[in-house]
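Residue numbers (my numbering), protein chains in the order written: chain A, 1 to 552; chain B, 553 to 692.
Where a beta carbon is used, it is the ideal one built from N, C-alpha and C, also for glycine.
What follows is one structure encoded as structure tokens, with my remarks underneath.
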Ligand SMILES: Nc1ncnc2c1ncn2[C@@H]1O[C@H](COP(=O)(O)OP(=O)(O)O)[C@@H](O)[C@H]1O
Ligand SMILES: [Mg+2]
């Protein structure tokens, strides 16, 4: 029942501490790590991606502007006749490539679509472009940049074509962009292990290869037109852990797409997260252990003070019981002593009278005398009982009296003589003659001796010996009473506990576990000490030491 | 020496009677009073040396009776009989000038020894007073 109550108190302490310490901590850690940090990180990635997209778009724009300027320069500084010469065109290509490798070939096409001159790695001279789409576009727009297409060379490429009017005629200068150079310009924005960068046209067809899988001219499907149409400036989308940066390439209706893997970007931060969670777990463990320890010591303290309280209660009860018993004993003893005195005197008077008679004249003279003596003897017995009772009563007055320790021991043991006889326990006394008187509280000391004797009888059970030895230790100015028994003895590990209140090995009802606790208390208060020496199976000796104090 | 006159004071009538008989057999003259008051009136009439006084009596108890008796005869020797072994009462009695105390039930022989000791002290006391009286007389 009590244990249950303590368990419940302990449970409350533990839950309260947990609630008040763990919840804020866990909340803080998760709020910081999973809400705040995530947000900060997302913002940071978004911003860098935006900048990146913007920069890349600018350099692509610039690339095309430069190429267009180059081609314009070529077209406007030469006439048709000069450029139609293959040899000259080749030399020109060499000059162009010596400053920039981004143009692979040059070609001149007349107004009928005939490829009149060509410088470059493919065999394209003589091909007619009259029916090609770009041919019409350039006639219409004067300058034209194509999407990626296969064309006659059967290889994906981008061309820049420029139309020049010369009198009534017109001709076209066409240059092919080196796809390696262009691709690597775009792919320069592929960062990390999973970052990608590519261009798509308005139909979501790849203009430069995607890093993972998709080749040029294949269609990508994870972004729809709606998204592309909504792009005004740079834009960053956040599609399940993937950051997508988008921008328009103004020269063409193209879109630059740069993706970044959020997980990858945050991977170093994830390490921090794991560390933080580990630290959190360690803290929680520390708090758990700490809470358990603290609650344990609180409960221990509670139990201890509870025990102390009930010991004081028991002590009080014991002494008030003794006081009541003492009063009763005094009353009874007094009432009995008067008739005893009368009986004794009567027997004495009979003896007096008999002594006047002649023995021979009275038939039963010897019997009369014998009986008178018997009466006297038994009155003496009764007297010793009443005197003991009175002595007991007197000792209840809390006093500092001069006490003969031997007499006290003798008297106390006489209370238990009949019990000992009944159990066939011999009592051996070895009392030091002329032991110094001590000034102490007789009743209390008697109580202690009784408690120890009680235990000795219990320890023996039947058949054994109890020894009483008194002595005097001059150097310590102490006298002692050693009470030894031939009982069961006390195991070493339990010897420490026997003075604890409520420690008992006896059946409930037989033992309260208070005897030695109270005794210890009493002797300590009287300035003495109790020592125990015990061997299991052989017996125990309890020794009471008390100081000799002389009355001033 | 044997002319000691003893008064037995106890409310137990039977007890005093038997004690008286036993004393008489041992050649000790006794008078009986069964209450404090009876003792006081008796001492006014008779010459008494030693009083054996029970401490616990109704009405006037042992201590009060002793005080009254000592007022009448300061040289009176008192032996207290106590039923309850209260050292307190015995001590008080001794301080008031009682010779000694005995616990009931008593041993007749030791009572007689005590009576004789008390009587000896009384005689010594009286002799001292007599000699002082002599000295005073001779001086005047
Ligand atoms: N003389 C002894 N021999 C063996 N064990 C003893 C002896 N005295 C005390 N003990 C042990 O100490 C315990 C506590 O004693 P005590 O405080 O007097 O309480 P109780 O006698 O009510 O059990 C006993 O239950 C017993 O186990
Ligand atoms: Mg006990």
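Beta-bridge partners of residue i, as assigned by DSSP
i: residue 160 of chain A; result: A/145 and A/175
i: residue 653 of chain B; result: B/632
i: residue 583 of chain B; result: B/559
i: residue 606 of chain B; result: B/633
i: residue 198 of chain A; result: A/257
i: residue 428 of chain A; result: A/467
i: residue 511 of chain A; result: A/508
i: residue 547 of chain A; result: A/478
i: residue 535 of chain A; result: A/539
i: residue 245 of chain A; result: A/236 and A/258
i: residue 127 of chain A; result: In the DSSP output, where bridge partners are listed per residue, residue 127 of chain A has none listed.
C-beta contact flag for residue i and residue j at 9 angstroms
i: residue 544 of chain A; j: residue 481 of chain A; result: yes
i: residue 557 of chain B; j: residue 601 of chain B; result: yes
i: residue 84 of chain A; j: residue 119 of chain A; result: no
i: residue 243 of chain A; j: residue 208 of chain A; result: no
i: residue 218 of chain A; j: residue 237 of chain A; result: no
i: residue 462 of chain A; j: residue 423 of chain A; result: yes
i: residue 193 of chain A; j: residue 163 of chain A; result: no
i: residue 633 of chain B; j: residue 654 of chain B; result: yes
i: residue 618 of chain B; j: residue 562 of chain B; result: no
i: residue 646 of chain B; j: residue 604 of chain B; result: no
i: residue 494 of chain A; j: residue 505 of chain A; result: yes
i: residue 185 of chain A; j: residue 108 of chain A; result: no
i: residue 522 of chain A; j: residue 444 of chain A; result: yes
i: residue 425 of chain A; j: residue 464 of chain A; result: yes
i: residue 528 of chain A; j: residue 546 of chain A; result: yes
i: residue 176 of chain A; j: residue 103 of chain A; result: yes
i: residue 468 of chain A; j: residue 385 of chain A; result: no
i: residue 598 of chain B; j: residue 612 of chain B; result: no
i: residue 419 of chain A; j: residue 457 of chain A; result: yes
Chain-order list of residues whose beta-carbon lies under 7 angstroms from that of residue i (same chain, five-residue window excluded)
i: residue 151 of chain A; result: 157
i: residue 52 of chain A; result: 189, 245 and 258
i: residue 539 of chain A; result: 484, 485, 486, 487 and 489
i: residue 251 of chain A; result: 61, 64 and 145
i: residue 397 of chain A; result: Since pLDDT at residue 397 of chain A reaches only 47, below the 50 mark, its modelled position is unreliable, and the value read off the structure follows with that caveat. Cβ neighbours of residue 397 of chain A beyond the five flanking positions: none.
i: residue 690 of chain B; result: none
i: residue 692 of chain B; result: none
i: residue 328 of chain A; result: none
i: residue 72 of chain A; result: 162
i: residue 214 of chain A; result: 206 and 220
i: residue 548 of chain A; result: 436, 438, 477, 478 and 479
i: residue 299 of chain A; result: 6, 9 and 10
Sequence-distant residues of its chain with Cβ nearer than 8 angstroms to residue i (five each side left out)
i: residue 417 of chain A; result: 427
i: residue 86 of chain A; result: 117, 118, 119 and 125
i: residue 402 of chain A; result: 437, 438, 439 and 551
i: residue 14 of chain A; result: 291, 292 and 295
i: residue 382 of chain A; result: 336 and 340
Cβ-based neighbour list, residue i, same chain, cut-off 6 angstroms, excluding 5 preceding and 5 following
i: residue 235 of chain A; result: 246
i: residue 592 of chain B; result: 620
i: residue 240 of chain A; result: none
i: residue 195 of chain A; result: 260
i: residue 315 of chain A; result: 518
i: residue 110 of chain A; result: 116 and 171
i: residue 421 of chain A; result: none
i: residue 683 of chain B; result: none
Next on the checklist: Tell me which residues of the segment 331 to 356 of chain A have at least one Cβ-Cβ distance to chain B shorter than 7 angstroms, keeping chain order.
Outcome noted: 333, 334, 337, 338, 340, 341, 342, 344, 345, 346, 348, 349 and 352
Item to check | Residues, ordered as in the chain, of the segment 373 to 387 of chain A that lie near chain B by beta-carbon distance below 7 angstroms | outcome: 379, 383 and 387
Checklist entry - So does the segment 152 to 160 of chain A actually touch the segment 75 to 82 of chain A, counting three or more Cβ pairs closer than 8 angstroms? => result no
Checklist entry - Within the chosen definition, does the segment 126 to 142 of chain A reach the segment 192 to 208 of chain A through at least 3 CB pairs nearer than 8 angstroms? => result no
Checklist entry - Below 8 angstroms, can you find three or more Cβ-Cβ pairs linking the segment 622 to 631 of chain B to the segment 668 to 678 of chain B? => result yes
Checklist entry - Touch check for the segment 295 to 311 of chain A and the segment 4 to 19 of chain A: three-plus C-beta pairs under 8 angstroms? => result yes
Next on the checklist: Is it the case that the segment 403 to 413 of chain A contacts the segment 364 to 372 of chain A, given that we only count it when at least three CB pairs across the two stretches are under 8 angstroms?
Outcome noted: no
Next on the checklist: Would the segment 41 to 60 of chain A count as touching the segment 251 to 266 of chain A if we require 3 or more Cβ pairs under 8 angstroms?
Outcome noted: yes
Checklist entry - Looking at C-beta atoms only, is the number of pairs between the segment 573 to 587 of chain B and the segment 653 to 668 of chain B that lie closer than 8 angstroms three or more? => result yes
Next on the checklist: Across the segment 332 to 346 of chain A and the segment 557 to 571 of chain B, are there enough close Cβ pairs to call them in contact, namely three or more that are closer than 8 angstroms?
Outcome noted: yes
Checklist entry - How do the segment 306 to 318 of chain A and the segment 501 to 510 of chain A stand: do at least 3 beta-carbon pairs fall below 8 angstroms, yes or no? => result yes
Checklist entry - For the 8 angstroms Cβ check, are there 3 or more pairs between the segment 164 to 179 of chain A and the segment 271 to 289 of chain A? => result no
Checklist entry - Using a beta-carbon distance cut-off of less than 8 angstroms, what residues from the segment 604 to 619 of chain B approach chain A? => result 608
Checklist entry - Given a limit of 9 angstroms on CB to CB distance, which residues of the segment 572 to 591 of chain B reach chain A? => result 573, 574, 577 and 578
Checklist entry - If contact means a Cβ-Cβ distance below 7 angstroms, which residues of the segment 657 to 674 of chain B contact chain A? => result 657, 658 and 660
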